[in-house]
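Beneath this line is the structure, given in structure tokens, with notes to follow.
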Amino acid sequence: MTGRKAAGREAAAVVLRVDRDRCAGSGMCVLTAPGVFDQDAGDGRVLLLDARPPAGPAATAAREAAGLCPAGAIAVRAAPAPDR
1215 MTGRKAAGRE
1225 AAAVVLRVDR
1235 DRCAGSGMCV
1245 LTAPGVFDQD
1255 AGDGRVLLLD
1265 ARPPAGPAAT
1275 AAREAAGLCP
1285 AGAIAVRAAP
1295 APDR
């Protein structure tokens, strides 16, 4: 999802999973969603700061980061609906 597409609507809440073994350390995720991802200072691989970013800009950025990951190390799925 590009920024232009995301600007008109907010993404729903998501659940993220990262595969550090698959991560190439490119840092695209950190540049795209710095509140959600970071890089390990030792090996440069992804660190997941927020596995459940709420609906809105953080979820939008997380989805975009997953799409940009050259190693395909980020999995995104819709968060379950909250209990009422």
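Numbers in this note's numbering are just positions in the sequence shown, counted from 1, shifted up by 1214. Note that beta-carbon positions come from the ideal geometry of N, C-alpha and C, so glycine has one too.
Annotation for LEU1230: the continuous beta strand (DSSP E) segment containing it runs 1228-1232.
ARG1266 sits away from ALA1295, with the two beta carbons spaced by 9 Å or more. In the displayed model, ARG1277 falls within a helix according to three-state DSSP. Taking all protein chains shown into account, LEU1230 has 16 or more neighbouring C-beta atoms within 10 Å of its C-beta and is therefore buried. By the criterion of a C-beta distance shorter than 7 Å, ALA1269 is surrounded in its chain by GLU1224, ALA1225, ALA1226 and ALA1227, once the five residues flanking it on both sides are discounted.
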